[in-house]
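Numbering (full-length UniProt numbering), first residue to last: 1 to 453.
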């Protein structure tokens, strides 16, 4: 891509001239936003059934093209012609608060920046995280014993934030700064829902921008200290990583990556585990199978090499992410004119990808709305029917760099939790699911816990 193209596509306004594509932008100002918030799958199903895999769609102030199906997702994620920009796709959503994060970098810049995270997610570093992860999750899970009116979502969110603050940032869980980080991420999550990007005092957007500045100041103030030290937290790894020329990455890059990593790592795993507990409560036979698998590793804490001994847990987590992806809508923007699904897509057109719908297409999945982890195992292997029928961790160059860490943390949690408790759902628990600002059971998932042994 030439320098001129690089400058032009980042400066160009979104293209909205899409009258040649079937569909509807929806109501003025709000588009289909509230329909998607209240019934994402139903909204996309109606759109797909009426207009097909390529259609015009409006989501609040964003107007673009909805893409459905693994063939189209493969074209976008593989991006062989380097024509789809993640940075511009997310510029007016995540980009308002997390500009510069790895997800929001394009092509060569993305490849260059991905280097900063290499050391933090290599096997050696991952092994080092186990000494922290298991004991912290054990302490959290033990603290749930005997609690009345137990709500799983806020409990696991706090536990995972404590783990993330320690492993990623090197903070003790009792450090007030960890709590301040949590408040900042909550304010940013709420700020992302703001229709208008103006810092009007008292608004959610203004509180989100204040929280963003807090994160920048917090991480920026610690970079030199961490660079000089020998810490094994992720933040320390980032500060010491160098480019191919032997130069440290800029403070601005480190701050952007740390801010988004901490947000994405604990929020997405919180969402996944909340939905997994919902399904294990509805399917006690699967709860017991996972418990027996966890109990078969008869030790207080998992070691890194124990991960491969939990194939059922791996399948159950992926099945949960198939039904409830932690990222409900992925976004890109075209850089040049192209063709997708037989339609001409002009340059600078927003693209919306909704993984949940593709994850439930009957052409690729048997009984697609049913929780059935067996579909991931031999001999069925339904996920191999198409390489992009499952994109729970993204795909292509932007495939989640923290995927292995997320599965590691989930298995450590299940090993601690399922060996201690049987659980059932409270009456009507999980009947309503929310999609924004984070996918989860709307009632925070009340559980009845029964201590084992």
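Even glycine gets a Cβ: it sits at the ideal position worked out from N, Cα and C. These numbers were taken from a predicted model, which means no experiment stands behind them.
Beta-bridge analysis with DSSP links residue 115 to no other residue.
With contacts defined as CB atoms closer than 8 Å, residue 340 and residue 75 qualify as a contacting pair.
Residue 99 and residue 87 have their alpha carbons spaced roughly 8 Å apart. For residue 423, the enclosing beta strand (DSSP E) has its first and last residue at 421 to 425. Looking at the backbone, the Cα of residue 376 and that of residue 37 are separated by about 29 Å. Contiguous alpha helix (DSSP H) elements confined to the stretch 345 to 430 occur at 355 to 358 and 403 to 417, taking only those with 4 or more residues.
According to DSSP, residue 58 shares a beta bridge with 63. Leaving aside the five residues that flank residue 321 on each side, the residues in its chain whose CB is nearer than 7 Å to its CB run, in chain order, 272 and 392.
Only buried fits residue 313, as 16 or more other CB atoms lie within 10 angstroms of its CB. When rounded, the separation of the alpha-carbon atoms in residue 276 and residue 153 is 11 Å. Spatial neighbours of residue 442 in its own chain (CB-CB distance under 8 Å, excluding positions within 5 residues in sequence) are listed in chain order as 432, 433 and 434. Its Cα nearest to that of residue 9, the residue 84 stands out among 29, 48 and 84. Proximity of the stretch 40 to 60 to the stretch 289 to 305 falls short of the contact definition, fewer than three beta-carbon pairs being nearer than 8 Å. Per DSSP, the beta bridge partners of residue 446 are 151. In its chain, beyond the 5 residues on either side, 164 and 402 have a beta carbon closer than 6 Å to the beta carbon of residue 265. DSSP places residue 340 in the strand class (E or B) of the three-state scheme. With three or more CB-CB distances shorter than 8 Å, the stretch 224 to 239 counts as touching the stretch 120 to 136. In this structure, residue 330 sits away from residue 419, with a CB-CB distance that is not shorter than 8 Å. In the three-state DSSP reduction, residue 120 falls in the helix class (H, G or I). Distance check between residue 33 and each of 22, 194 and 261 places 194 closest, using alpha-carbon atoms only. Taking the Cα positions, residue 317 is about 30 Å away from residue 333. The Cβ-Cβ distance between residue 77 and residue 388 falls below 8 Å. Your pair residue 21 and residue 56 checks out as a contact, with CB atoms roughly 5 Å apart and the cut at 8 Å. Your pair residue 167 and residue 133 checks out as a contact, with CB atoms roughly 7 Å apart and the cut at 8 Å. Residue 372 has its alpha-carbon roughly 25 Å from the corresponding atom of residue 151. Apart from the 5 residues on each side of it in sequence, residue 149 sits with its Cβ closer than 7 Å to the Cβ of 446 in its chain, given in chain order. In the DSSP assignment, residue 334 falls outside any alpha helix (DSSP H) and lies within the beta strand (DSSP E) extending over 330 to 334. Between the alpha carbons of residue 292 and residue 190 lies a distance of about 39 Å. Annotation for residue 278: 425, 429, 430, 441 and 445 place their beta carbon closer than 8 Å to its own, counting only its chain and skipping 5 residues before and after.
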